[in-house]
Structures are given as structure tokens and as C-alpha cells.
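Here the protein sequences line up with chains A and B, keeping their order. Note that the first sequence covers residues 25 to 239 in my numbering. Note that the second sequence covers residues 28 to 37 in my numbering.
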Amino acid sequence: MNIFRLAGDMTHLFSVLVLLLKIHTIKSCAGISLKTQELYAIVFTTRYLDLFTTYISLYNTIMKLIFLGSSISIVWYMRHHKVVRRSYDKDQDTFRHYLLMLPCLLLALLINEKFTFLEVMWAFSLYLEAVAILPQLVLLQRTRNIDNLTGQYVLLLGAYRALYVLNWIYRYFTEENYVHWITWVSGIVQTLLYADFFYYYFQSWKNNVKLQLPA
Amino acid sequence: AESSGLKDEL
């Protein structure tokens, strides 16, 4: 495992921890898109079906279980927790996320590494992950005051994506037969979606003012 | 090139 991959996994892990911290200690999910969290729960459920068929490493298995468990519990908290669910910005979080799933499924049926159930689900999870952040970015644009934890959550997620791109470049040049076009293209699309947000995030950080996105 | 097939990334 190279340093980019490890750093990518760790920033991904931290992003989830930041979100759980916000939910557990502050008992608030203000500014967090349930739509995006539901998409992530679906992304990890469909991608990690190979938990039952392929053993890669203890690290791999534990991380998969963490991402599965955390994404499902975040959705549960936002939907059902007596206190947390009251802070959910339901009226602002209106992105019709189910509409993203059908094109992703069709694309996965057409473009996959092999036409098997696991491979189609794997491709579907990558296409869906690429666009899963969209409801969150839309919610951020609508929410006037973005708290630090929400900003840090998205920042960490973006860092995770960028580090994975560096990891692919590194692996391409150091490993033989390391080619994953579906992962790369959908990963780059996903990373580009964050670029716009980061532009405003760093501007506000540079000027030391609260993050405010244009309408 | 062919894919290695092993999906060890998260």
C-alpha cells in the first residue's frame, strides 16, 4: 500500500468520524444531506458485496465494515433518532437523488469489467459514488451559514478523492497490470465535482471569513 | 492492457 492510498483511506475515515462526532456529541445533522448519506449507504452496500466472496486483507475487511456500518448508522440517526432528526434541513434537502440511480444502473449494465452480478453492482457503485455528493453540494449552496464540522466533512471527503487520484497515478507507474478504467474515470469525475466547492472554501479560509457560497 | 481483476481498493 502506498502513502497516497493510506492517506486517502485515512481522510475518508476522518470524514466519517467528523460526521459521527457531530451527530453524537452535538446531536445535530444540520447542513448534512440525508440524500447524499443514503446514496453512500447504497454505494458501499453494492460495492462491498465481495466481502462474502473475496478475502483481500484484514485491513480491507475492517475498513469495508467500518464504511458500511457508519454509512448505514448515519442514515438511521438522521431518519429515526428522536433529537438528531429534528435538526435535519428537510425543506432544503430536496435533490431527487433516486433519479441519479437509474442512469447509473443503466451505465453499469452497459459498461462493466465483466457482465456478472457482482461486477455490474461494483460498476454501479462507482458511478453512483461519483455523483453522490451532488445533493450535499446543493444543500451547502442553499444553507447560508455552514458550520465548521460540515465544511470539514466535505473538505476531508474531497481530500480523500484527490489522494485516491494520486494513488492511481502512483500504482499505474509502479505496478504491472494495474488498470481500472471504470474506477479512474468515475473517480476523476467525482474529484472535479469537489473542485468548485473547494474554490470557495479556500477563498473564505484565506480571507478568514465564514464560508458563503454564491446562490 | 487487461485489468488485473483484483479490487483491493475501497
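The beta-carbon is built from N, C-alpha and C at its ideal position, and this holds for glycine as well.
Quick one: which unbroken alpha helix (DSSP H) runs of 4-plus residues sit fully inside the stretch 58-121 of chain A? Chain order, please. Taken in chain order, the unbroken stretches of alpha helix (DSSP H) that lie wholly in the stretch 58-121 of chain A and span 4 residues or more are 58-71 and 82-104.
Nearest chain A C-beta to E29(B) closer than 9 Å, yes or no? Confidence at E29(B) is low in this model, with a pLDDT of 46, below 50, so its placement is unreliable and the value that follows should be read with caution. E29(B) counts as touching chain A.
Would you decide whether H48(A) is buried or exposed? Buried here means 16 or more other CB atoms lie within 10 Å of its CB. Exposed, by the Cβ-count rule.
Rounded to the nearest angstrom, what separates F139(A) and A147(A) at their Cα positions? The straight-line gap separating the alpha-carbon atoms of F139(A) and A147(A) is approximately 10 Å.
Check whether chain B comes within 9 Å of T215(A), counting only Cβ atoms and requiring the distance to be less than that. Taking Cβ atoms only, chain B never reaches closer than 9 Å to T215(A), which makes this a no.
In the DSSP assignment, find the unbroken alpha helix (DSSP H) run with G55(A) in it and report its ends. Run containing G55(A): none; DSSP gives neither H nor E here.
Beta-carbon separation (whole angstroms), L152(A) vs I206(A), contact threshold 8 Å: So it is not a contact: roughly 12 Å between Cβ atoms.
Whole-Å CB distance - F119(A) paired with V189(A), under 8 Å assumed: About 25 Å separates the Cβ atoms of F119(A) and V189(A), ruling out a contact at the 8 Å cut-off.
Using beta carbons (cut-off 9 Å, strictly below), is K34(B) in contact with chain A? It does: the Cβ of K34(B) has a partner Cβ on chain A nearer than 9 Å.
M145(A) and L63(A) - do their beta-carbons sit closer together than 9 Å? With respect to M145(A), L63(A) sits apart: the two C-beta atoms are not nearer than 9 Å.
Pick helix, strand or coil for Y202(A), following the three-state DSSP scheme. Coil.
Put M34(A) into one of helix, strand or coil per three-state DSSP. In the structure shown, M34(A) falls within a helical segment according to DSSP collapsed to helix, strand and coil.
9 Å Cβ cut-off: residues of chain B touching W146(A): Within chain B, the C-beta atoms nearer than 9 Å to that of W146(A) come from K34, in chain order.
Whole-angstrom Cβ separation of K88(A) and L75(A), contact assumed at under 8 Å? About 6 Å; that satisfies the 8 Å criterion.
Kindly list, in the order they appear in chain B, the residues whose Cβ is closer than 8 Å to that of N84(A). Ordered by position in chain B, the residues that pass the 8 Å Cβ test against N84(A) are D35 and L37.
Using C-beta distances below 7 Å, list every residue in its chain close to A219(A), excluding the 5 sequence neighbours before and after it, in chain order. Contacts found: none.
For W91(A), return the contacting residues in chain B, with the cut-off set at a CB-CB distance below 8 Å. According to the sequence as given, residue 91(A) is Phe; it is not Trp. In chain order: L37.
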